[in-house]
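Trainee: The numbering of the sequence shown is our numbering, which starts it at 1187 and goes up by one. All residues carry an ideal CB built from backbone N, CA and C; glycine is no exception. Can you keep this structure in mind? I'll have questions shortly.
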Amino acid sequence: MRAVRRIKRSCDLKNEVKKSGVKAGSSTDNANRNLSSLFFEHRLTLLELQMQFVDSNIFVSKPNNSGGLTSKKASDKLAKDGPNVLLPPKEMGNLELFLRQFVNLFWILLIGAGILSLVTYFFDRSVAINLYAAIVLFLIVIVMCTVTFFEEKKARNVVRGFSNLLPAKCTVIRESRQMTIDSCDIVVGDLVIVKSGSRVPADLRIIQSTGLKVEASSITGEAEPIEVHAESVAEHIGVFDAGNVTFNGSFCVDGEGIGICIRTGQATVIGQIAALTTEQKQESSSLQIEISRFVKFVTVSALIMGAIIFIIGGFINKWHDIVNLFISGFLVVIVANVPQGLPATVTSELTIIARRMASKNVYMKKLDVIESFGATTVIASDKTGTLTMNKMTVTDVWCGRNYVSGIPEVKYKTLHTITASKERSVMVGLDDFDKPLPDLITIMAICNKAEFEAVGQTIHFGDEQLTLSRRTLSKIDGGENLWRPTGRRRLHSVAPAADDLEAGGKLGRRRHSTMSVGGSKKERRICGTPSEVALLRYADSVTDVAQLRRRYRIAFEVPFNSMRKWHLTVVQDNTINENDEDNKLSYIAFLKGAPEVIMKKCSQFALADGCISIDEGTEMEFQDAYDHFGNSGRRVIGFAMKRFPFNSNMRFSSDGSDFPLEDFTFVGLVAIMDPPRPDTSDAIKRCKRAGIKVFMVTGDHPSTATAVAKEIGLIGPPKEITVQKTKRSISMSFAKDEEEDEERDWAVVHGSLLPDLTEAHWDELLETTPEQKLLIVEKCQHRGEVVTVTGDGVNDAPALKKANVGVAMGITGSDVAKQAADIVLMDDNFASIVKGVEEGRLLFDNLRKTIAYTLTHTMPEVVTIVFNFVVGVPMALTTLLILSVDLGTELAPAISLAYENAEIDIMEKAPRKRTTRLVSIAMLAYSYAIAGGMVIIGSSAAYLYTYAYHGIDLRDIFFSADDYFKHNAIGNFTSNGLVFNEEQQVEIQAQGCAAYYITMVISQAFHLWMCKTRRISIFQHGINNLVSIYAVIIEVLLVLLFVYTPGINFVMGARPPPFQVWFFAPAVGIALWIYNETRKLFIRRSPNNNVVRLFKW
């Protein structure tokens, strides 16, 4: 009956998976949100697996004797289910992608301006500059679209990154024999052999394991190897916690095993993640949305303004010469309204900011995402390697009832702290320390598989090998980085599956399975698991480990595993060779592992003056020390030792009958942790002051996460709340900002509780674990937050893609994470993210300054056409002079604002609201009416002064434009008794244009300094941007070129005006300075005043 029930259970589980729609290419929301629910094989016993996969011929009692699929059955499955590959998404062709770049309102507007300039040329071919202007506009569009085409093409490599994780070959059992096949030919039911150094080719349910350890950082981002077993697990345990399933793309670092293939291709976990990543809709960045909104505004306003002026001019001129009226009215107004240089300016600013961020170790893959970076309200950051150094370090020791923090002190009268530097002037031996610390240091160094790395060492990966040279090592950064065959800077050394035998028949040590390369240039490189690397580095900082290891010969070793939770090393002291009367030698058993397990094996407790028996009081002291370290977020390791005699003619056996496992002497506890980066705490404080909420996303135990969060200043003391839906308690913390009166809520929540939280709790809770990153992003975005997410593993790719800003780790990040992200941190440092946020805010500020500056000259240009149409004043600007402003004189000053430094309070303000527009009504009022009005007044005064300078009554120039002051005038013009012929009229009109032009452009040169800040006084901000000085020089030189250079000024329609016109621009500059300094003063003093807010932009 039991067998029948198991068969029924297996069939039910199979049907359950069928109903869930697990198949190649499936990307349903349920599948994507809960990948664990798609698996059931981890809950099956070997017998149930045999019944589930009948064709695989599993031998339950001896899985290594299983027959596997027949070749015919494998061929049939391959034909039915398809190859074991990830399906590439439908990619846009290069031509379509290139043409798509032109479907952008900015470029459409520039194309429209170019067409208008071309139309103007065809109506009046005597002005060839219109043709040149059209060509320049078309070239700008083509060049910019070509650049963006190549940038976007580089970013479309996500699936290629997933494909890089798949091995080319693998070993399977078919027809009772091993054979090597292409990984793409694996089918469900194949028995796959996983060996050290090989990559897992599909999702496998392990049916036999011999010390199998798998590193799945390419999937999870976690570097610690996972022990894999073949036992089934309980119903409530998910596949990711089961420990009996290895996933496609994982890397075997130790041991070997046999697994039955349960998923291939797109149905694997990595395939589901790939589908979720590549099928997500790419949303427009906030900068794209704001620019699009601004371009629409400019387009509509230009068309409306042009139409109104054209109609008014038509009525005034009684629709006479309507073609010329349309060209000089409607088209010129549109050309004047279109900021032709703004696209180039914005692109230049983005490039400049990106280059500056690259110097701060922040690489921008998408330029327009910089602005979203600055608008960030929530940062969901990984802990390991981002907030912390990714370098396990011994922080504390408890030994002989004494606490030791950091490096211990010697027992001389003149105590001094021994540093970790190799360049210490005094070498200290272990005997210089109080007992039992020397014994503890000895166990840390000897009962340890970590090794000092030697240059020229050859490390084998299955059939491959890697030789470490100095050149290779120089490319590996400091910190606990690991080299991976995928190209990531991680390094694995794989030991043989079986223990080696040393000479003499004694069982020899099998060294580490995972090699970590860490340390700065002054530190010796150490290979091993992170914990053992930390222990060996600590021992090396206290004594000469090499000399210590030469003293002890390892005779026998039992490696650590998760079942027994201890590591035993039996050694013989080479300095003691005497045999006793029974021909027995003295051996020492060193033991390390989980403190509670080690303590149970001990009967003695080591002190400075000897050993005492362990009693209840001693156990309480031990527990207090253990709890003290554990509650501080440390990983705690216990150490013990025992001396015992053993016959020199005998060999140790692996069954444990001839070496001790009890009555040890407890030596001490060691606390290790991955310490926070030195600048993390300051970065967190800056985020708090800037109003940015920070999530620390980690797979660590909540107590560890809480301790690290407290250490970096992220959270405060915990407080219990209850989730009403499940009645379960959640530990929340409240941290009070030093500069704020109100409390800020921070919470530590286990990821399994997230689905149970109500909408109200989602408004409060700010912490979770890595598996729920995508849920965090969606919930936060639903609440109007701008979310920046960091990630390094393949499982982070969906969240990186979904977030407003996805940030991948450059050192420890997988290729997939880097390709799915918008930004890559080259130093994996959280502080770099905060620097990026500051640069993003600076970009938004500088873009606003640039647009406010650029728009100021729009109304002065349009007014000249209005005056010409309405009151008949001769044109104060030609079309070429208007284009020379947009594409010439204004470009350099506008771009120079991109080099402007941030205002001192930029990170003291809360993130801007989502409703905050890049171009606000207040900005338009300032640029069009206030600043533009001042420029209009000054330029018009200079223009009128020019006519007055030549003795013309200003009243006489009104309604004179149709007949005078142009080529083919109807006759001489008379004013104040003075007569002006056609040549003189054209000369005066050209001088008037030059006067208006000079005053407008030079006023903008003064205005540039007022646009350097939006809140801070220019005197407080200072002139620290040399580029703006060069830009003003270029602007003045262009004015001189267009106005005073013979030939060029003739084409531009300008002539040298009276020198007095140069005094009008400084007057406008003074007026602009007084207004802006007054406005900024009120903004600083009363930022929330309703009247003041009308003038904020």
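1. Are there 16 or more other CB atoms within 10 angstroms of the CB of R2309, so buried, or fewer, so exposed?
2. Helix, strand or coil for V1524? Go by DSSP, reduced to three states.
3. Take the Cβ of W1505 as the centre, count every other Cβ of all protein chains shown within 10 Å, and call the residue buried at 16 or more, exposed below.
4. If you count every other CB in all the chains shown that lies within 10 Å of the CB of S1789, and 16 or more means buried, which is it?
5. Can you give the beta carbon distance from I2184 to V2225, rounded, assuming they're within the 8 angstroms contact cut?
6. On a CA-only basis, which of G1397, L1855 and F1559 is nearest R1587? Give me that one, please.
7. Three-state secondary structure (DSSP) at R1311?
8. At 3 residues or longer, and completely inside the region 1961-2017: list those beta strand (DSSP E) runs for me, N to C.
9. Going by the CB atoms, is the gap between S1818 and A1720 shorter than 8 angstroms?
10. For A2284, which residues does DSSP report across the bridge?
11. What's the gap between the Cα of W2283 and the Cα of N2211?
12. Mind reading off the beta-carbon distance from M1859 to R1821? Whole number of angstroms is fine, and I expect it under 8 angstroms.
13. For Q1394, name the three-state secondary structure that DSSP assigns.
14. Please classify K1786: is it buried, with 16 or more other beta-carbons within 10 angstroms of its beta-carbon, or exposed?
15. Identify whether P2079 lies in helix, strand or coil by the three-state DSSP scheme.
16. If you reduce the DSSP assignment to three classes, tell me which class N1760 lands in.
17. How many Å lie between S2203 and E2169 at the Cα?
18. If we ignore side chains and look at the alpha-carbon of each, how far apart do A1566 and T1256 end up?
19. Which of the three DSSP states, helix, strand or coil, is assigned to V1731?
20. Could you compute how far the alpha carbon of D2142 sits from the alpha carbon of T2160?
21. Within 10 angstroms of its Cβ, does T2101 collect 16 or more other Cβ (buried), or is it exposed?
22. Could you tell me the distance, in whole angstroms, from the CA atom of D1931 to the CA atom of A2088?
23. Taking C-alpha atoms, which residue in V1728, C1633 and V1564 lies nearest to P1594?
24. Following the continuous beta strand (DSSP E) through Q1790, name the residue where it begins and the one where it ends.
25. From what residue to what residue does the beta strand (DSSP E) around Q1364 run?
26. Quick one: residues in its chain with C-beta nearer than 7 angstroms to the C-beta of N2276, no 5 flanking neighbours on either side, listed in chain order?
27. Can you tell which of T1581, N1547 and V1757 has the C-alpha that lies nearest to the C-alpha of N1634?
28. Would N1430 and V1455 be called neighbours here (beta carbons separated by less than 8 angstroms)?
29. Sorted by chain position, which residues of the same chain lie with C-beta nearer than 6 angstroms to V1555's C-beta, five sequence neighbours on each side aside?
30. Could you tell me whether the Cβ atoms of L1398 and C1447 are closer together than 8 angstroms?
31. For G2022 and F1433, which I take to be in contact (beta-carbon distance under 8 angstroms), what is that distance rounded to the nearest angstrom?
32. Let me know if G1451 comes out buried or exposed under the rule of 16 or more other beta-carbons within 10 Å of its beta-carbon.
33. By Cβ distance below 6 angstroms, which residues in the same chain neighbour A1319 in space, the five residues on each side in sequence not counted?
34. Please tell me whether T2044 and E2076 are closer than 8 angstroms, where the distance is taken between their beta carbons.
35. Taking the C-alpha atoms as reference points, what is the distance between D2288 and V2218?
36. Pick helix, strand or coil for D1554, following the three-state DSSP scheme.
Mentor: Put simply:
1. Residue 2309 lies beyond the stretch modelled for the chain, which goes from 1187 to 2283, so this question has no answer here.
2. coil
3. exposed
4. exposed
5. 6 angstroms
6. L1855
7. coil
8. 1973-1977, 1991-1995 and 2009-2011
9. no
10. Nothing in the structure corresponds to residue 2284, since the chain is present only between 1187 and 2283.
11. 22 angstroms
12. 6 angstroms
13. strand
14. exposed
15. helix
16. coil
17. 49 angstroms
18. 49 angstroms
19. helix
20. 9 angstroms
21. exposed
22. Note that D1931 scores a pLDDT of 47, beneath 50, so its modelled location is shaky and nothing firm can be said.
23. V1728
24. C1788 to L1793
25. R1363 to D1368
26. none
27. V1757
28. no
29. S1471, V1991 and D2008
30. no
31. Between F1433 and G2022 the Cβ distance is about 32 angstroms, and since that is not below 8 angstroms, they are no contact.
32. buried
33. S1303 and L2069
34. no
35. Any answer about residue 2288 is impossible in this case: the structure gives the chain only from 1187 up to 2283.
36. helix
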